[in-house]
Structure formats: structure tokens, C-alpha cells
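Under the working numbering, the final residue of the sequence shown carries the number 311; numbering is consecutive throughout. Below: one structure, written as C-alpha cells.
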Amino acid sequence: MATLLRRLAGPMCSSRRWLGVILRETHGRTSHRIPLNGSRLLPGGGRPLTVYSRRQHTAAGPVTLEVDIKRLEREDNGIVEVLMCRHKAKNALGHMFVSQMRELVSTLSNDSAAHVVVFRSLVPGVFCAGADLKERAQMNHRQSDLFVHGLRSLMTQIASLPMPTIAAMDGVALGGGLELALACDLRTAAYSAQMGLIETTRGLLPGAGGSQRLPRTVGITLAKELIFTGKRVGGQTALEMGLVNRAVEQNQTGDAAYREAFSLAREILPQAPIAVRLAKEAINRGIEVDMSSAMAIERMCYARVIPTRDRQEGMAAFIEKRPPRYTGE
């Protein structure tokens, strides 16, 4: 396949203005990766990581990427980053952004090599600003309803990913932006981040899952207060109410929440991948049913992990007093 070159005009999905292509590895496809001109250091001063990017092409020509993907390598192999980079519109959830995110998430849903997924923004000071109000203003009632239905479907896709997902909120996460974070399993935030379901201040209500996921995260009474008032909260308050798992002081490079998310991903990465996925399935399915049914779901998930090689490896490593070497089999 011919090499595709990315133009340098306009903002791109990289803080270093990456140039190149990545043709993703998915179930049986051959992956052709083109290294870029350099590497960057991982959070905490880790070893250099070669960075890759990709370019979408259609019959009409190249399409600017508003969402991109980066797969880490070496000791961090298995961590995948979803990069949101719609710079001019602050990652607002427009048609192109949602379409590209849906395609990317669909690919990840069948990717057994992805063990942890981190959703992060490359737009300074912003995670996701929510709905693209300029686009929405051009829609009639039916078009608006269909678009929000598609947005709701996207959030369900994200929530249904089989591997753990982490949202790193280093900046504003409002409306649909917070709904995207709520669709993830875990969330980290900088103290300076601002987040809230502000739809009632715009004559709306949360329509991409927020009215359901927020109560399940912070409790129904607090969720009602936040939604009824359209209140915004900072990272510290979000931590205290259980909206985020970890909150940290922002750093000079503006990526403290990402660094914390990356650290969390590294804590998950050494664990048995199949066991982690089945634990997520047991939790997500069990929380929606009565306790008796939930126990049956746990038993079913447990039965599926027993015959795996990873379980045998875990037992052997314990007996031999050595770190386990899981393969995801």
C-alpha cells in the first residue's frame, strides 16, 4: 500500500505535529507502521517511545483527523491512547468527530491486544467542550434528535468496550464531554479542570447517557442537584464526590491528569487481561440486576476464566514465587 503523507497545514493530532501514517493492527490484518522523525519521553521520564499517526483518505481526498490513536510499545505494550484533537472547536462533538470516534471505538472493541485504553485531549485546557452548538443550530428537530441518538449510541459503545478505559480530564469537560468521561470506567482530573452536565442551562437535559450514568456514579441525590442546577465542579470537588478516581495538581505542561491516568493504566497492565475483562463484565452486568442474578453472572464469568492459560500461569507464578507472565490466553 502506498505511503500516505500528512500535510502540516492546520492543527493536527500531536503536540509535536506528527507526520506519518498508522494502519491499525486488527485481527489478522498486516500492520504497516511508518516511524516519524523522532520520539518523545513518556510521563515520569521513561524511555523514548516512537510515535505514529495516521491519515484518513476518502474518494474526495484526505480528511483531517479529529480523533486519533496511539499504541504504546515495549514494556507499555497493551496501553492504547485515544487522542482527541479538534483544536479549533475544543473537541466539540460534531459530526466528523463523532463519526471518527465511533469508527475507532468499533475497532478497539475487537482488539484483544488492547489491555487498557486512555482517552485524552491534545487541546490545551480542554478535555471536551460538549456539543457543537454551531452544527446543532443548523439542524431541524428531527435531525437534532437523530444526532443525539447517535451520540448516545457512541457513549454506549465506549462503555461497552471490553477492556478498562480511563478518561484523563486536564481541562474543561462539559455536557457531552463529561458524558464521554462517564462512559469510561475510571476518571482522573487536574484540580483546575472544570466539569459538569450543564444542559439545563441551555434548555436541554443530558441526552448522551449523563442522566443515567451520573446517578450511578455519585448517587441519585447529588446527581439531581448537579443536573438541575447545571453546576460546574473542579477536580478536587469531583474527587470528594466520587465523580473521579484520582485528582492531582496541574503541572507546567498541562497534562497532570493524563500522567495520573497513565500511571493508573500501568498499574492495570501487568494483571491477567482476560481476568480483568471478565471482572469488568461481571461488574457492569451485575450492577443492573438483583443480587441473585448478579451472583449467577459472577459465576458464569468465573467459569470462563478457569480454563485460561493465564489462570494456570498465575497459580504457577504464586507457587514458584515469581512475577507472572500473562499472555492473554
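Virtual Cβ for every residue (Gly too), placed ideally from N, Cα, C. Since the model is a prediction, treat every value here as computed from it, not as a measurement.
Report buried or exposed for residue i, applying the criterion of at least 16 other Cβ atoms within 10 angstroms of its Cβ.
i    : result
H97  : buried
R284 : First, the amino acid is wrong: residue 284 is Tyr here, not Arg. Exposed, since its Cβ has fewer than 16 Cβ neighbours within 10 Å.
S50  : Looking at the sequence shown, residue 50 is not Ser but Asp. Result: buried.
T203 : exposed
I148 : buried
R53  : buried
T170 : buried
R56  : exposed
T290 : buried
L157 : Reading the sequence as shown, one finds Gly at residue 157 and not Leu. The residue is buried, with at least 16 neighbouring Cβ atoms inside 10 Å.
G217 : buried
G60  : buried
M282 : exposed
M145 : buried
D114 : buried
Could you compute how far the alpha carbon of residue i sits from the alpha carbon of residue j?
i    : j    : result
L160 : G112 : 8 Å
A257 : V287 : 6 Å
F129 : R267 : 27 Å
Q82  : R68  : 11 Å
P25  : M297 : In this prediction, P25 has a pLDDT of 41, which is less than 50 and means its spatial position is unreliable; what the coordinates show is noted afterwards. Using only the alpha carbons, I get a separation of about 33 Å.
D152 : L208 : 20 Å
A155 : L104 : 13 Å
E280 : V230 : 34 Å
N137 : Y308 : Per the sequence presented here, residue 137 reads as Met, with Asn not at that position. The straight-line gap from Cα to Cα measures roughly 30 Å.
F79  : A299 : 44 Å
A74  : L143 : 22 Å
K206 : P306 : 45 Å
A48  : L162 : Note on residue identity: the sequence assigns Glu, not Ala, to residue 48. Near 15 Å, if we compare the C-alpha coordinates of L162 and E48.
L251 : I265 : 19 Å
H77  : Q294 : 46 Å
L140 : E302 : It is worth fixing the name first, because residue 140 is Ile in this sequence and not Leu. Answer to the nearest angstrom: the Cα atoms are 39 Å apart.
E242 : L221 : 13 Å
R259 : S126 : 35 Å
Tell me whether residue i sits in a helix, a strand or coil according to DSSP, three-state version.
i    : result
V105 : coil
P44  : strand
V287 : helix
L260 : helix
L246 : helix
V80  : helix
D50  : strand
E55  : coil
I265 : helix
E302 : helix
E270 : coil
E63  : strand
With 8 Å set as the bound, which would you pick, yes or no: does the beta-carbon of residue i sit closer than that to a beta-carbon of chain C?
i   : result
E85 : No chain C appears in this structure, which consists of one protein chain only.
Check your understanding: Whole beta strand (DSSP E) runs in the segment 156 to 235 with 3 or more residues, listed along the chain?
Key -> 168 to 172, 176 to 178, 228 to 230
Review point. Would you call the segment 265 to 273 and the segment 181 to 188 in contact, with 3 or more CB pairs under 8 Å?
Key: no
Review point. Can we say the segment 62 to 72 touches the segment 119 to 133, given the rule of at least three CB pairs closer than 8 Å?
Key: no
**Study point:** beta strand (DSSP E) segments (min. 3 residues) lying fully within the segment 86 to 157
**Key:** 98 to 103, 108 to 110, 147 to 151, 154 to 156
Review point. Pairing CB atoms from the segment 194 to 213 with CB atoms from the segment 102 to 122, are three or more of them under 8 Å?
Key: no
Practice item. Please determine if the segment 235 to 249 and the segment 191 to 209 are in contact, where contact requires at least 3 C-beta pairs separated by less than 8 Å. Key: no
Exercise for review: Determine, using beta-carbon pairs with one atom in the segment 174 to 183 and one in the segment 89 to 105, whether at least three such pairs fall under 8 Å.
Suggested key: no
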